[in-house]
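A.B. asks:
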Amino acid sequence: MASARGAAWSASKTDFDPGAEEFGDGLRNLARVNLVSEAYKELRRGLMTGRFPPGAKLNIRDLAAALNISPTPAREALVQLAAEGALTQIAGRSFRVAELTAEDYVELRDLRLNLEGVSAAEAAKKIDRDAILHLEQVHEQLVRSKAELDFKSALIWNQEFHLRVCAEARLPRLLRIVEGLWLQMGPLLNALYARREMPKSGADEAKHSHVLMLKAFRARDPEAARAAMQADIAGSSDEIIANLRKL
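Each residue of the sequence shown is one higher than the one before, counting from 1 in the UniProt record's numbering.
#1: I need the boundaries of the beta strand (DSSP E) containing lysine 57, first residue and last residue.
#2: Just to confirm, is the Cβ distance from alanine 234 to leucine 155 under 8 Å?
#3: Restricting to Cα atoms, I'd like to know which of His162, Val36 and Tyr193 is closest to arginine 181.
#4: Put leucine 87 into one of helix, strand or coil per three-state DSSP.
#5: Please list the segments of the beta strand (DSSP E) lying wholly inside the region 128-208, counting only runs of 3 or more residues, in order along the chain.
#6: Check this for me: beta carbons of phenylalanine 95 and threonine 101, under 8 Å apart or not?
#7: Go through its chain and collect everything with a Cβ distance to asparagine 190's Cβ below 8 Å, but skip five positions before and after it.
#8: Where DSSP assigns a beta bridge to arginine 96, which residues make up the other side?
#9: Can you name, in chain order, every residue of its own chain whose Cβ lies under 6 Å from the Cβ of serine 237, other than the five neighbours on each side?
#10: What does the Cβ neighbour count give for glutamate 168, buried or exposed, with the cut at 16 atoms within 10 Å?
#11: What would DSSP say about aspartate 15, mapped onto helix, strand or coil?
#12: Please report the straight-line C-alpha distance between histidine 208 and valine 178, rounded to a whole angstrom.
#13: Can you tell which of Gln184, Gly55 and Leu171 has its C-alpha closest to the C-alpha of leucine 111?
#14: Would a C-beta distance cut-off of 8 Å place histidine 210 and histidine 139 closer than the cut-off?
#15: To which residues of the same chain is phenylalanine 217 closer than 7 Å at the C-beta, ignoring the five residues directly before and after it?
#16: By the three-class DSSP mapping on this structure, what secondary structure does phenylalanine 217 have?
#17: If we ignore side chains and look at the alpha-carbon of each, how far apart do serine 70 and glutamate 76 end up?
#18: So, helix, strand or coil for asparagine 68, using DSSP?
#19: Would you tell me roughly how many angstroms separate the C-alpha atoms of aspartate 104 and asparagine 243, rounded to the nearest one?
#20: Can you say whether aspartate 130 is buried or exposed, counting buried as having 16 or more other CB atoms within 10 angstroms of its CB?
#21: Tell me the rounded alpha-carbon separation between proline 187 and alanine 83.
#22: What whole-angstrom Cβ distance do methionine 229 and glutamate 116 have, given they're in contact under 8 Å?
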């Protein structure tokens, strides 16, 4: 049996000793780790869905109080989001939501064109009927929200469509990267939606890129799915850039 301060593994190499020297004073406090993880998820959700607009100042103590946690896990969650490019740290105990320039947007758009194009092509090979039906329902909700001028909901449904397609590619590393791109773009897109400065949908719903993508999924056509995804991303690009340059 391994001693309290001995090797990390017993002689049998199967018994783990959490008090071993290689692990310092033992394992991490999982309660704290979980608090950081949950705070990160909640703040990330807020950024992606417009709770925090571009340029908004986020105070550690205020956020900790809102999340009902101590300042330390709140700060660690904010540091993680800053490392992912969604926030910038400013003087004192505060962070600010990143403000994207037109050039920043173009960089993120080009990455999305490539990576989400790959995800759509891969999804076309793997997606099942139930997932296609779910995506159809998501798109219907998006169309309904736009018709009702509920732009905040429209953005959430659009984001759900894109990230669900990425999930159906079943490439977890790719999904994490794409989620990171949406994390950086979320506050900007929400701000434009709130000002009703998003691109108008075409009159012919049958030619909507989402509809064409769903058709490609049903046909198991990876290249058509890739083309539809890239057309969807590129189609709104010029108007978004024009609106950014007004700011």
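The C-beta atom is built at its ideal place from N, Cα and C for all residues, glycine as well.
C.D. replies: Taking the coordinates as given:
#1: In the sequence shown, counting from the first residue as 1, residue 57 sits at position 57. Per DSSP, lysine 57 belongs to the beta strand (DSSP E) from 57-59.
#2: To locate residue 234, count along the sequence shown from 1; it is residue 234. To locate residue 155, count along the sequence shown from 1; it is residue 155. The answer is no: Cβ separation not under 8 Å.
#3: Here the question's residue 181 lines up with position 181 in the sequence shown. Before going further, note that residue 181 is leucine rather than arginine in the sequence given. Measuring from the Cα of leucine 181, the nearest candidate turns out to be His162.
#4: Taking the sequence shown and counting its residues from 1, one reaches residue 87 at position 87. Strand, per DSSP.
#5: none
#6: Residue 95 sits at position 95 when you count from the first residue of the sequence shown. Residue 101 sits at position 101 when you count from the first residue of the sequence shown. No. Outside cutoff.
#7: Here residue 190 refers to the residue found at position 190 when the sequence shown is read from its first residue. Excluding residues within five positions, the ones whose Cβ falls inside 8 Å are Thr49, Gly50, Pro53, Lys152 and Leu155.
#8: Mapped onto the sequence shown, residue 96 falls at position 96. In the DSSP output, where bridge partners are listed per residue, arginine 96 has Lys57 and Thr88.
#9: Numbered from 1 along the sequence shown, position 237 holds the residue referred to as residue 237. In the same chain as serine 237, and ignoring 5 residues on each side of it, the C-beta atoms closer than 6 Å to its own belong to Arg109, in chain order.
#10: Walking along the sequence shown from the start, residue 168 turns up at place 168. By the neighbour-count rule (16 or more Cβ atoms within 10 Å), glutamate 168 is buried.
#11: Taking the first residue of the sequence shown as position 1, residue 15 is located at position 15. Legend: pLDDT at aspartate 15 = 42, less than 50; position of this residue unreliable, value from coordinates given subsequently. Coil, per DSSP.
#12: For the purposes of this step, residue 208 is identified with residue 208 of the sequence shown, where counting begins at 1. For the purposes of this step, residue 178 is identified with residue 178 of the sequence shown, where counting begins at 1. Distance between the alpha carbons of histidine 208 and valine 178 is about 22 Å.
#13: To locate residue 111, count along the sequence shown from 1; it is residue 111. Of the listed residues, the one whose Cα sits closest to leucine 111 is Gln184.
#14: Reading the sequence shown from its first residue, position 210 is the one you call residue 210. Reading the sequence shown from its first residue, position 139 is the one you call residue 139. Yes, they are a contact pair.
#15: Locating residue 217 in the sequence shown gives position 217, where the first residue counts as 1. Closer than 7 Å at the Cβ level, and outside the excluded window around phenylalanine 217, lie Ala123, Ala124, Ile127, Ile132 and Ala225.
#16: Numbered from its first residue, the sequence shown carries residue 217 at position 217. It is helical.
#17: Locating residue 70 in the sequence shown gives position 70, counting from the first residue. Locating residue 76 in the sequence shown gives position 76, counting from the first residue. If I take the Cα positions, the gap works out to 11 Å.
#18: What you label residue 68 is simply residue 68 of the sequence shown in a count that begins at 1. Coil, per DSSP.
#19: As a first step, residue 104 is located in the sequence shown; it is residue number 104 there, counting from the start. As a first step, residue 243 is located in the sequence shown; it is residue number 243 there, counting from the start. Rounded to the nearest angstrom, the two C-alpha atoms are 14 Å apart.
#20: Residue 130 sits at position 130 when you count from the first residue of the sequence shown. Label assigned to aspartate 130: exposed.
#21: Here the question's residue 187 lines up with position 187 in the sequence shown. Here the question's residue 83 lines up with position 83 in the sequence shown. So the alpha carbons of these two residues sit roughly 16 Å apart.
#22: The residue you call residue 229 lines up with position 229 of the sequence shown. The residue you call residue 116 lines up with position 116 of the sequence shown. Between glutamate 116 and methionine 229 the Cβ distance is about 5 Å, and since that is below 8 Å, they are a contact.
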